[in-house]
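Visitor:
Protein chains: 2
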Amino acid sequence: MSLFKSDDNWILTEKKFSAQSNPAIEGAFTQGSGYLHIRGSLEEHLIDALQNEDYLRMPANVTSEKFRTSKAKLGTYVPGVFCKHPTLNNQLVNLPYFAGIEITVDGEKLDLEKSVLQKNERSLNLRNGLLKRVITWNTKSGAEVNILFERFVSLTQKHCLFQRVEISGNRDTEIELKAGIDADVRTNGYDHFREIHFENTEENIIQNKLTLDSGVDVTIVSQLLGGDLEWNPIFEKRRARLVSKFQLDNGSKKVIEKRSCICTGIDLEKIDPLNELISFRHVSFGKLFDEHCKVWDERWQKSDIEIDGDAESQIAMRFSIYHLLRSHADGDPRVAIDAKGYAGDAYWGRFFWDTEMYLLPFYSLTAPDKAKTLTDYRIQSLNGAKSNAERYLTEGAKYAWEADPDGIECCPNWHYADHEIHITADVMYGLIYISKVLNDKNYLAKDGFEVILETSKYWIHRIDWSKGLENPQLLGVMGPDEYKPFTNNNFYTNMIVRYILQISFEVLKDRVDDKELMEKLGYAKDYLPLRKIENEIYMQCDDFEIFGDAQFDDYWSDKTRTFASQVSQERLYRTKCLKQADVLMGMFLFPDQFENSEIEIAYDYYLPITTHDSSLSSGIHSIIASRLNRSDDAWNFWKQSASIDLNGGSAEGIHIANAGAAWMVFILGFAGLQSPIVSEILCLKPKIPSKITKLCFPLIWKSQKVFIEITEEQVVVTNKDSAEIEVQVNSERRKIKAGSIEVFKIN
Amino acid sequence: MSLFKSDDNWILTEKKFSAQSNPAIEGAFTQGSGYLHIRGSLEEHLIDALQNEDYLRMPANVTSEKFRTSKAKLGTYVPGVFCKHPTLNNQLVNLPYFAGIEITVDGEKLDLEKSVLQKNERSLNLRNGLLKRVITWNTKSGAEVNILFERFVSLTQKHCLFQRVEISGNRDTEIELKAGIDADVRTNGYDHFREIHFENTEENIIQNKLTLDSGVDVTIVSQLLGGDLEWNPIFEKRRARLVSKFQLDNGSKKVIEKRSCICTGIDLEKIDPLNELISFRHVSFGKLFDEHCKVWDERWQKSDIEIDGDAESQIAMRFSIYHLLRSHADGDPRVAIDAKGYAGDAYWGRFFWDTEMYLLPFYSLTAPDKAKTLTDYRIQSLNGAKSNAERYLTEGAKYAWEADPDGIECCPNWHYADHEIHITADVMYGLIYISKVLNDKNYLAKDGFEVILETSKYWIHRIDWSKGLENPQLLGVMGPDEYKPFTNNNFYTNMIVRYILQISFEVLKDRVDDKELMEKLGYAKDYLPLRKIENEIYMQCDDFEIFGDAQFDDYWSDKTRTFASQVSQERLYRTKCLKQADVLMGMFLFPDQFENSEIEIAYDYYLPITTHDSSLSSGIHSIIASRLNRSDDAWNFWKQSASIDLNGGSAEGIHIANAGAAWMVFILGFAGLQSPIVSEILCLKPKIPSKITKLCFPLIWKSQKVFIEITEEQVVVTNKDSAEIEVQVNSERRKIKAGSIEVFKIN
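Protein chains in written order, with the working numbering: chain A, 78 to 824; chain B, 78 to 824.
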């Protein structure tokens with residue numbers, strides 16, 4: 078929380094502006110409608126933070142990559158709008174920035190680094206996504222000028238950004254406003270705009286039409302309203318603005334609105350941005366905002382977690398849920414949610430295993446229809462997975478470690494793309510998860526059938542059979558722990574492959590004639606090895622014991638930075654150090670397959686050598702620690718997880734998987750909800766941390782709505798549905814009638 | 078030999094011109110003086126073979142990389158002239174092409190693809206490096222025009238290319254000649270020329286000054302002489318030519334010369350190209366050529382291998398020796414010999430382990446002073462190796478897998494750069510080799526001392542000691558077999574590291590106070606493990622048995638192409654298949670450390686799973702096979718080795734390591750010369766193949782010159798030196814007086 082403060086439990090306020098932390102604030106304050114996402118950048122921008130720097134970003138290990146640093150990073154994203162980068166493959170395009178509003182008073186330009194500011198606040202209301210700035214500026218001309226900026230990306234007009242600025246001063250001043258569209262931006266240093274045209278279609282309207290190098294067209298329209306102002310256009314090569322100059326009398330106030338709308342050639346719903354804006358030209362900002370807020374209210378009702386006892390946890394949790402709600406492209410199965418939650422260029426807007434392993438639980442258990450679009454995305458991109466398999470000269474379908482909307486492998490680092498094969502099993506796990514959540518067997522038998530068939534072919538081809546049918550092996554594998562890139566029989570991979578092949582076998586067995594396939598599936602699901610040493614510790618891979626000691630004392634001098642940034646990659650690769658949970662990740666998914674003592678032994682063995690260099694690590698560790706009654710560890714890992722993006726980590730975007738993990742920490746960890754993979758009925762095994770006095774949250778369990786309140790003493794379950802539901806708390810199982818409440822005593 | 082024929086044992090002639098095979102001929106016919114190297118391209122070029130294509134070549138696995146194909150690839154190289162490529166790091170620059178001479182007769186341009194040619198021969202005389210072309214051309218105008226081109230890169234004027242063209246016809250024709258300098262070329266698709274200026278300093282002279290993007294200046298001057306012609310310049314942006322038009326009477330002959338000279342800002346010997354050309358303006362082509370031939374004669378006297386019984390072997394051997402002699406930058410220890418022998422862009426002109434392992438024996442035993450510049454290069458680039466170690470956050474000096482002249486790691490593929498650590502031991506092996514060849518202990522104790530100290534520090538830091546002092550391990554290693562990228566205790570690496578640490582320990586023990594260093598050196602040299610399974614087969618690495626079967630029958634359908642081009646890299650990495658000798662490479666270097674039976678067992682175990690995808694493989698296998706009396710294998714591997722560059726492999730340059738291996742096959746394999754690492758005295762254990770009736774060659778053994786003739790029955794050794802020499806043939810040892818001849822009967 079070091080960058081933020083919060084007076085209530087909903088509004089996050091920047092503690093103190095600095096150019097250094099500005100990119101992190103921009104990322105954290107990203108607004109979005111699912112269709113359109115805009116980083117929380119300053120309307121007036123910082124004068125010398127250029128956005129048009131051309132450079133060739135090369136494939137690098139992201140864990141230790143040093144990004145270009147800038148005081149500001151403008152970012153405007155529409156999910157699915159991808160172009161090919163020359164060294165990095167397909168990436169989400171950073172589109173023109175149209176939230177800009179520059180203000181000059183008596184010839185002095187507002188700039189947060191140079192202007193004298195009595196007050197300067199930027200805050201995001203998580204409840205409704207309103208980004209608000211309150212400024213009191215002592216100009217060189219001697220005036221005290223008050224400025225209020227407000228903006229939101231509308232949930233009712235999802236292509237639109239609405240902005241409002243109020244200016245008043247304590248003496249007569251000359252004001253100049255400039256507002257328009259800036260297409261002089263890059264994506265990871267690369268220019269994807271092939272053609273750029275601007276037009277001043279009406280006095281107060283700027284229209285930008287551009288063609289991307291993929292051939293896709295984008296149209297952006299910005300309209301300025303209010304204040305009875307006269308607007309004149311200034312056109313530059315890659316930027317166009319409307320300018321207005323006026324005198325602001327002492328004590329009077331000007332209120333100006335900027336309304337913008339964007340569409341692209343790949344939109345599912347075709348709109349004309351100009352017509353769109355004109356259609357509600359006479360609807361007030363307030364009314365538009367109210368309608369927008371209603372949608373947010375509905376969302377929060379379905380997904381808010383109320384946490385009593387620790388205000389920091391409360392705001393951190395809402396921050397996570399806000400971004401989960403924001404970043405989902407509702408109703409569009411052509412995309413999933415990228416690793417940075419559409420809030421930065423860093424992971425190229427691609428889809429990782431995060432989708433299944435870190436995001437799916439939240440959506441599945443609060444808004445199952447949204448969860449389904451994520452797995453539908455995998456089904457609709459099966460052809461991409463098949464073409465990946467073809468490029469690897471292998472059979473079936475190989476899902477991409479870093480997928481674009483077509484499912485094509487875009488990871489420019491071959492070692493991840495080649496060896497992190499668990500993704501193909503993770504995808505299937507997602508399909509199984511949804512089929513359980515929706516209680517819909519057809520989802521596998523019908524919608525997902527071809528995925529099952531093709532991924533089964535892939536696995537049978539990828540598994541090594543040279544030691545005989547009963548000794549299938551997965552050789553040359555990188556598990557979730559990316560610090561061991563080439564290992565044999567990775568625990569996590571073998572675990573999840575066994576599981577998904579069991580389910581696949583069941584689906585295929587009466588429908589597929591291929592004897593060899595079925596025979597091999599049968600063996601693989603049972604015999605892929607999970608190796609234990611000393612008869613008690615599950616090994617991450619066959620050769621894990623061979624690696625050298627990590628020697629953290631010698632090589633990890635600065636624990637505030639990742640271990641990976643302080644040793645060479647080749648050292649990482651040959652020492653016993655983990656980036657994130659691997660054996661524990663497998664045990665997290667399938668706790669029913671292990672004795673508690675086995676999990677405990679693994680936890681004690683791996684924890685001291687785990688660096689948590691990945692943002693995916695602390696959440697899972699918290700949940701495992703909860704399950705093991707290691708409540709201090711569970712709480713500390715939660716605090717680590719909660720701080721990732723609130724403590725400066727969001728400069729390049731939101732760690733959206735960690736946001737999903739935060740939700741999981743509370744629901745699967747502290748509330749102890751058993752995964753739908755493991756439990757048929759709703760089952761809670763709460764492990765409420767001592768700091769938390771009460772935990773309340775809604776859930777949808779296999780289409781049945783419930784509301785749950787947990788305190789140290791009891792669990793109160795309200796059946797919000799029209800049918801009876803069976804619920805288990807710890808070992809106590811009860812049926813709850815529609816509309817009824819049951820209280821389970823737990824202490 | 079399929080691209081060539083040879084009527085005598087010296088002249089290699091292109092069998093039949095085709096655009097497809099032209100790049101391979103250009104590579105094979107590369108001429109050079111050690112300072113300047115020019116590919117054997119056509120003077121008139123092919124009309125549509127553009128050389129100015131810009132593209133971004135990306136780091137790729139060279140074994141399976143598909144290169145841009147073109148009908149022609151101009152290449153002009155001066156060793157040491159490097160520039161930074163944006164994705165590939167420092168690379169040798171392809172300089173402007175100045176061998177061009179275009180001929181137009183009666184308005185028709187000579188073009189080998191379009192013109193009607195009665196005769197068209199291109200040949201290279203290996204004895205003197207003369208490239209000659211003989212053409213009889215039936216022009217559209219009805220004339221029969223005879224053209225003779227001759228050219229050589231002079232060994233007496235090493236910066237100069239001398240060219241001569243004779244034209245005659247059977248009727249009156251209008252001739253137009255164009256000759257100049259073409260700077261519109263790229264290096265691996267990249268333009269390294271920052272500034273380009275042309276000047277027509279005298280009527281018949283074109284001067285090109287250019288500045289590379291490294292800041293280095295290059296000057297090229299071309300002068301046209303003879304034929305009483307008038308020359309007029311044509312300047313284009315990146316090209317300048319002199320043009321002359323004249324009438325050629327029926328039966329008369331025009332003889333024109335083009336003389337060119339190049340210098341660069343990094344030359345050791347500073348010359349002015351213009352003055353240089355003017356200084357011998359009145360010396361005839363014939364005289365210049367004769368002087369040049371004398372130097373070649375001297376070279377061949379020291380290094381020719383005469384092979385009776387198989388003409389193909391004879392020409393193939395001379396082809397190899399020609400390129401070894403050509404590509405050495407005599408007297409310049411700032412560079413070694415790049416992997417493509419300065420005959421192509423493919424390996425970026427960088428220096429690999431080839432230098433020590435494949436090239437050093439030839440130079441050491443025929444021209445030790447030349448060998449020494451190669452190891453001196455490593456000593457003078459120690460600072461680069463230190464800075465590599467720094468970048469790897471390790472101590473001491475880490476030699477580069479792909480080095481530029483400064484010794485900086487340039488390999489853009491991190492897996493080779495990070496893991497192929499044997500290079501640092503190979504470099505030390507080279508220093509030890511030279512110290513033995515020169516019989517100069519000071520070379521290690523003085524010249525090489527800092528290399529020994531710094532590389533020892535590196536090894537002690539790189540070795541893993543977590544299992545205790547007596548259990549040193551080298552983890553995460555790629556051996557010479559690059560199809561196993563991350564293995565523990567690679568046999569070859571551990572072998573050579575043990576050896577060089579033994580020698581290093583001896584050199585350092587009385588001079589270094591660092592107790593820990595010396596203690597660890599002491600353990601490492603003795604205890605780095607060499608693992609055997611079933612108590613008989615040396616394993617390539619700890620985990621070799623774990624890998625899957627290669628299944629060549631299923632996956633290697635087309636044996637004319639590499640296995641690597643037919644399977645995914647990830648499959649290569651997890652199956653029991655080798656790119657080249659690895660265990661056998663260690664046994665090749667240190668045969669004294671193994672029983673013959675052990676070598677035999679290893680040979681039988683690894684051979685069936687070795688793909689020989691590397692050009693470095695067949696030579697070593699031939700030698701091992703000779704030693705094991707597997708004479709058919711030895712011969713077949715020699716034939717494979719001999720065919721690599723004579724059968725189309727030279728398009729991207731000469732496989733210079735294979736050229737060195739060819740020499741080794743005959744001297745270390747068939748003649749059975751024991752390595753100076755293993756044997757103090759000159760010792761031969763001949764294994765003459767049945768196809769060869771006689772083998773004669775000169776040698777310098779520890780500064781003593783001998784001449785050796787081997788037949789099936791006997792070995793005749795002539796002591797060409799002024800001191801007595803002790804020689805062993807098989808188990809028979811004799812002293813030979815200065816100037817005397819001894820005959821050893823062997824059958």
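Using N, Cα and C, we set each Cβ at its ideal position, and we do this for glycine too. As the structure is a computational prediction, the values presented were derived from the model and not from experiment.
Which residues of chain B have a Cβ atom closer than 9 angstroms to the Cβ of residue 619 of chain A, listed in chain order?
Guide: Ordered by position in chain B, the residues that pass the 9 angstroms Cβ test against residue 619 of chain A are 620 and 623.
Visitor: Taking just the CA atoms, how far does residue 704 of chain B sit from residue 698 of chain B?
Guide: The alpha-carbon atoms of residue 698 of chain B and residue 704 of chain B are separated by roughly 10 angstroms.
Visitor: With three or more beta-carbon pairs closer than 8 angstroms as the criterion, would you say the segment 570 to 586 of chain A touches the segment 505 to 519 of chain A?
Guide: Yes, they touch.
Visitor: Where in the segment 346 to 399 of chain A do unbroken runs of the beta strand (DSSP E), each at least 3 residues long, occur, reported from the N-terminal end onward?
Guide: For the segment 346 to 399 of chain A, whole beta strand (DSSP E) runs of length 3 or above, ordered along the chain, are 383 to 385.
Visitor: Could you give the DSSP three-state label for residue 310 of chain A: helix, strand or coil?
Guide: Strand.
Visitor: Taking 9 angstroms as the threshold (C-beta atoms), are residue 617 of chain A and residue 660 of chain A in contact?
Guide: Closer than 9 angstroms, so yes.
Visitor: Quick one: what's residue 257 of chain A bridged to in DSSP?
Guide: Partner(s): A/318.
Visitor: Cα-Cα, which of A/707, A/708, A/693 and A/706 is closest to residue 719 of chain A?
Guide: Here the closest residue by C-alpha is A/693.
Visitor: Shorter than 9 angstroms from the beta carbon of residue 492 of chain B to some beta carbon of chain A?
Guide: So yes, residue 492 of chain B belongs to the interface.
Visitor: Would you grab the beta carbon distance between residue 508 of chain B and residue 575 of chain B for me? Rounded to a whole angstrom, and I think it's under 8 angstroms.
Guide: Not a contact, Cβ separation roughly 16 angstroms.
Visitor: Locate the alpha helix (DSSP H) running through residue 539 of chain A, then write down its first and last residues.
Guide: Residues 526 to 539.
Visitor: Can you name the residues that DSSP bridges to residue 197 of chain A?
Guide: Looking at the DSSP assignment, residue 197 of chain A forms a beta bridge with A/212.
Visitor: What's the C-alpha gap between residue 641 of chain B and residue 649 of chain B?
Guide: The straight-line gap from Cα to Cα measures roughly 7 angstroms.
Visitor: Based on DSSP bridge pairs, tell me the residues matched to residue 778 of chain A.
Guide: For residue 778 of chain A, which the question treats as bridged, DSSP gives the partners A/781.
Visitor: Based on the DSSP output, what are the partners of residue 654 of chain A in its beta bridges?
Guide: Its beta-bridge partners do not exist; DSSP assigns none.
Visitor: With respect to the alpha helix (DSSP H) encompassing residue 660 of chain A, which residues constitute its N-terminal and C-terminal limits?
Guide: Element bounds for residue 660 of chain A: 660 to 666.
Visitor: Tell me which residues share the same chain as residue 264 of chain A and place their Cβ nearer than 7 angstroms to its Cβ, disregarding the 5 neighbours each side in the sequence.
Guide: If we look at residue 264 of chain A and ignore the five residues flanking it on each side, its Cβ neighbours are 168, 170, 171 and 422.
Visitor: Any residues in the segment 551 to 585 of chain B with a beta carbon nearer than 8 angstroms to a beta carbon of chain A? Which ones, in chain order?
Guide: Residues passing the 8 angstroms Cβ filter: 552, 553, 562, 563 and 565.
Visitor: Would the segment 406 to 413 of chain B and the segment 766 to 777 of chain B be scored as touching if the rule is three or more Cβ pairs under 8 angstroms?
Guide: The answer is no - the segment 766 to 777 of chain B does not touch the segment 406 to 413 of chain B, with fewer than three Cβ pairs under 8 angstroms.
Visitor: Residue 277 of chain A and residue 319 of chain A - do their beta-carbons sit closer together than 9 angstroms?
Guide: Going by C-beta atoms, residue 319 of chain A is nearer than 9 angstroms to residue 277 of chain A.
Visitor: Is there a C-beta anywhere in chain A that falls below 9 angstroms from the one on residue 645 of chain B?
Guide: With 9 angstroms as the cut-off, residue 645 of chain B counts as an interface residue toward chain A.
Visitor: Could you give the residue range of the alpha helix (DSSP H) that holds residue 735 of chain A?
Guide: Taken as a continuous stretch (DSSP letters only), the alpha helix (DSSP H) holding residue 735 of chain A covers 733 to 741.
Visitor: Near residue 522 of chain B, which residues of its chain fall below 8 angstroms by C-beta distance, leaving aside the five closest residues on each side in sequence?
Guide: Excluding positions up to five away in sequence, the list reads 584.
Visitor: Quick check on residue 241 of chain B: does DSSP put it in helix, strand or coil?
Guide: Looking at residue 241 of chain B - three-state DSSP - the assignment turns out to be strand.
Visitor: Roughly how many angstroms separate the alpha carbons of residue 554 of chain B and residue 460 of chain A, rounded to a whole number?
Guide: Straight-line Cα distance between these residues: approximately 37 angstroms.
Visitor: Report the three-state DSSP secondary structure of residue 250 of chain A (helix, strand or coil).
Guide: In this structure, residue 250 of chain A counts as strand in the three-state DSSP scheme.
Visitor: What is the rounded straight-line gap between the Cα of residue 514 of chain A and the Cα of residue 397 of chain A?
Guide: Near 22 angstroms, if we compare the C-alpha coordinates of residue 397 of chain A and residue 514 of chain A.
Visitor: Does DSSP put residue 204 of chain B in a helix, in a strand, or in coil?
Guide: Correct three-state label for residue 204 of chain B: coil.
Visitor: How about residue 487 of chain B and residue 481 of chain B: are their beta carbons less than 9 angstroms apart?
Guide: Cβ atoms of residue 487 of chain B and residue 481 of chain B: closer than 9 angstroms.
Visitor: Would you call the segment 208 to 228 of chain B in contact with the segment 280 to 294 of chain B, where contact means no fewer than 3 C-beta pairs closer than 8 angstroms?
Guide: These segments do not touch.
Visitor: By the criterion of Cβ-Cβ separation under 7 angstroms, what are the contact partners of residue 543 of chain B in chain A?
Guide: Near residue 543 of chain B (Cβ distances below 7 angstroms), the residues of chain A are 625 and 626.
Visitor: If the cut is a Cβ gap below 8 angstroms, which residues of chain A does residue 164 of chain B touch?
Guide: Ordered by position in chain A, the residues that pass the 8 angstroms Cβ test against residue 164 of chain B are 133, 135 and 164.
Visitor: Run through chain B and tell me which residues come within less than 9 angstroms of residue 470 of chain A, C-beta to C-beta.
Guide: Chain B residues near residue 470 of chain A: 632, 643, 644, 645 and 648.
Visitor: What would DSSP say about residue 761 of chain A, mapped onto helix, strand or coil?
Guide: Three-state result, residue 761 of chain A: strand.
Visitor: Can you give the Cα-Cα distance for residue 435 of chain B and residue 419 of chain B, rounded to whole angstroms?
Guide: Cα-Cα distance, rounded: 16 angstroms.
Visitor: For residue 602 of chain A, collect the residues of the same chain with a Cβ closer than 7 angstroms to its Cβ; drop the 5 residues on either side in sequence, then sort them by chain order.
Guide: Here the set comprises 575, 578, 579 and 582.
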